[in-house]
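To convert a position in the sequence shown, counted from 1, into my numbering, add 4.
Using N, Cα and C, we set each Cβ at its ideal position, and we do this for glycine too.
If you're wondering where the values come from, they're calculated on a predicted model, not measured in any experiment.
All remarks here apply to the structure that follows.
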Amino acid sequence: EGIMAAVLLNFGFAIILFSFFYFISQKMIEQKKNSAFLTAGLVAAAISFFVNTSIHYALGINFVTEFGSAIGVAPIVEEAAKGLLLIILLLLFKIKSPRKGFFFGAIVGLGFAVLENVFYSVNYFTFNSTLIIEQLSLIIFRTILPAHMFFTGMTGLLFLLFSQRIKNKPICIFASLGL
């Protein structure tokens with residue numbers, strides 16, 4: 005029951021965000037591309053979940069490893085997964101505009117954030133609390149601060165800016181991912 009509430013709450017907020025991007029994209033870009041980039045965000049979240057969880061359990065579960073994986077491992081895995089899938093699609097669709105790079109990066113970040121929020125909510129309802137107000141505040145807080153959208157948008161913007169100035173693609177990829 006709690007898991008279903010978590011999923012429904014998250015998808016309610018996701019519909020609002022998807023509607024916003026759908027409205028903007030009608031004038032800007034084809035829907036096929038939007039779907040591909042949104043799916044890339046969902047795939048990146050799934051990849052990150054499995055990699056982060058595997059590393060977490062390999063290190064053992066205690067406060068130090070939980071804290072270390074939250075600030076050291078997870079950001080690197082998540083940004084690399086989102087960024088690499090974004091760059092592959094930018095190259096595949098031959099997108100050159102840094103503005104469109106930011107837009108598509110934000111869509112990848114949105115897809116990532118939606119699935120990550122579902123993971124958090126299911127975990128929260130399953131192990132912590134079933135109070136709807138606590139769950140709602142978690143979702144609102146994570147939705148109002150769209151960090152994944154912004155960071156991945158910046159990756160797309162930087163990759164395309166670097167690509168216009170530097171012809172060596174591996175250097176552009178490493179520079180735009182912050183590696």
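With distance defined between alpha-carbon atoms, name the residue in 87, 91, 89, 60 nearest to residue 76.
60
Alpha carbon to alpha carbon, how far is residue 71 from residue 36?
39 Å
Could you spell out where the alpha helix (DSSP H) holding residue 74 opens and where it closes?
Run containing residue 74: none; DSSP gives neither H nor E here.
With C-beta atoms as the reference, is residue 110 less than 8 Å away from residue 156?
At the C-beta level, residue 110 and residue 156 come within 8 Å of one another.
Please confirm whether residue 89 and residue 48 have their CB atoms less than 8 Å apart.
yes
Using C-beta distances below 7 Å, list every residue in its chain close to residue 176, excluding the 5 sequence neighbours before and after it, in chain order.
163, 166, 167, 170
Determine the closest residue to residue 121 out of 181, 151, 39, 180, with distance taken between C-alpha atoms.
151
In the DSSP assignment, find the alpha helix (DSSP H) that holds residue 174 and state where it starts and stops.
Residue 174 -> alpha helix (DSSP H) spans 173-181.
Using CA atoms only, rank isn't needed, just tell me which of 172, 64, 101, 78 is closest to residue 54.
78
Compute the Euclidean distance between the alpha carbons of residue 56 and residue 64, then round it to the nearest angstrom.
Near 12 Å, if we compare the C-alpha coordinates of residue 64 and residue 56.
If you reduce the DSSP assignment to three classes, tell me which class residue 58 lands in.
helix
Going by DSSP, what residue range makes up the alpha helix (DSSP H) through residue 160?
151-169
Compute the distance between the beta-carbons of residue 99 and residue 108, then report whether it is under 8 Å.
yes
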